[in-house]
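J.: In our numbering, the protein residues as written are 369 to 605. Got a structure for you, written out below as structure tokens; questions coming shortly.
Dropping the structure here:
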């Protein structure tokens, strides 16, 4: 019987050199790489958001509220705003002391000023007077100028005339009336408005028929100069 085991190579009890136990598997880095990328994305996103917010213009500051153009704060006597000299050309003698009233601004009133000056001459029928009215307004309240204009210009007819003026405030008008038989009475009104103030100047003359009568060309420059004087006296106070 043939022994086949003699043809088999002998078994090596030792492994071949260079082949030991397989090295342990290296830990996988995929997880922390993904986590790091995610964290980087979050940081970048936050930075971009901050940059966008920082780059956006902030709300514009509120616009300053313009101060009123005119004030009566430093006016102690309304008649200090009046120049009576032109009236004394026709009637030089004061007829009593000037009358004045100052209504200070309050929560119910924006303030007002009033002045009356009367003059006479050797003939007591020849008189001249000037009346000043100044009314202030606040916010969107209607101006006294609007009321004066509506009421004054509604007067029409014989001996009455009206028109607009320029160069006094932002808007203005004049109105005149002449009436009487033995005594000629001339009434001239000039009203103007500018910013927060309305100004009304009234000139009244009474003249006997024997003396020279008043004409608008004489009276209007007086009224315009007086209105400008008032506006200048109230500006910037």
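For every residue, glycine included, the Cβ atom is placed at its ideal position computed from N, Cα and C.
Just to confirm, are residue 573 and residue 458 a CB contact at a threshold of 8 Å?
T.: Yes, the Cβ-Cβ distance between residue 573 and residue 458 is below 8 Å.
J.: Any idea if residue 547 is buried or exposed, counting beta-carbon neighbours within 10 angstroms, 16 or more meaning buried?
T.: Looking at its Cβ environment, which holds fewer than 16 other Cβ atoms inside 10 Å, residue 547 is exposed.
J.: CA-CA distance, residue 506 and residue 445?
T.: Cα to Cα, residue 506 sits roughly 22 Å from residue 445.
J.: Per DSSP, which residues does residue 587 bridge with? Please list them.
T.: In DSSP, residue 587 forms no bridge with anything.
J.: Considering only their Cβ atoms, is the gap separating residue 566 from residue 530 smaller than 8 Å?
T.: No, the pair does not count as a contact, with Cβ atoms beyond the cut-off.
J.: Spell out a yes or no on whether the segment 578–590 and the segment 555–564 are touching, meaning 3 or more CB-CB pairs, one atom from each, closer than 8 Å.
T.: Cβ pair count under 8 Å is three or more, so yes.
J.: Run through DSSP, which three-state label would residue 437 get?
T.: Coil.
J.: Go to residue 518, then tell me how far its alpha helix (DSSP H) extends in each direction, as first and last residue.
T.: Unbroken alpha helix (DSSP H) run through residue 518: 512–520.
J.: Is the separation between the beta-carbon of residue 569 and that of residue 595 shorter than 8 Å?
T.: It is a contact, given that the beta carbons lie within the stated cut-off.
J.: Here's the rule I'm using: 16 or more other beta-carbon atoms within 10 Å means buried, otherwise exposed. How should residue 467 be labelled?
T.: So residue 467 ends up on the exposed side.
J.: Secondary structure at residue 448, three-state DSSP: helix, strand or coil?
T.: Residue 448: helix per DSSP, three-state reduction.
J.: Are there 16 or more other CB atoms within 10 angstroms of the CB of residue 486, so buried, or fewer, so exposed?
T.: Its Cβ being crowded by 16 or more others within 10 Å, residue 486 is buried.
J.: Whose CA, out of 498, 493 and 508, lies closest to the CA of residue 320?
T.: Since the displayed the chain opens at 369 and closes at 605, residue 320 lies outside it and no answer follows.
J.: Check residue 579 in the structure and name its three-state DSSP category.
T.: Here residue 579 sits in coil by DSSP.
J.: Between residue 517 and the rest of its own chain, which residues show a CB-CB distance below 7 Å, the 5 nearest in sequence each way excluded?
T.: Around residue 517: 541 and 559.
J.: For residue 439, which of 514, 493 and 472 has the nearest alpha-carbon?
T.: Cα-wise, what sits closest to residue 439 is 472.
J.: Just how far apart, CA to CA, sit residue 454 and residue 496?
T.: Cα to Cα, residue 454 sits roughly 10 Å from residue 496.
J.: Can you give the Cα-Cα distance for residue 441 and residue 602, rounded to whole angstroms?
T.: Rounded to whole angstroms, residue 441 to residue 602 spans 9 Å at the Cα level.
J.: Apart from the five residues on each side of it in sequence, which residues of its chain come closer than 6 Å, Cβ to Cβ, to residue 532?
T.: Excluding residues within five positions, the ones whose Cβ falls inside 6 Å are 541.
J.: Based on Cα-Cα distance, which residue from 480, 475, 463 and 461 lies nearest to residue 598?
T.: Cα-wise, what sits closest to residue 598 is 480.
J.: On the three-state DSSP scale, how would you describe residue 600?
T.: It is helical.
J.: By the 10 Å Cβ neighbour count, where 16 or more other Cβ atoms means buried, how is residue 537 classified, buried or exposed?
T.: By the 10 Å Cβ count, residue 537 comes out buried.
J.: Helix, strand or coil: how does DSSP classify residue 550 here?
T.: Residue 550: coil per DSSP, three-state reduction.
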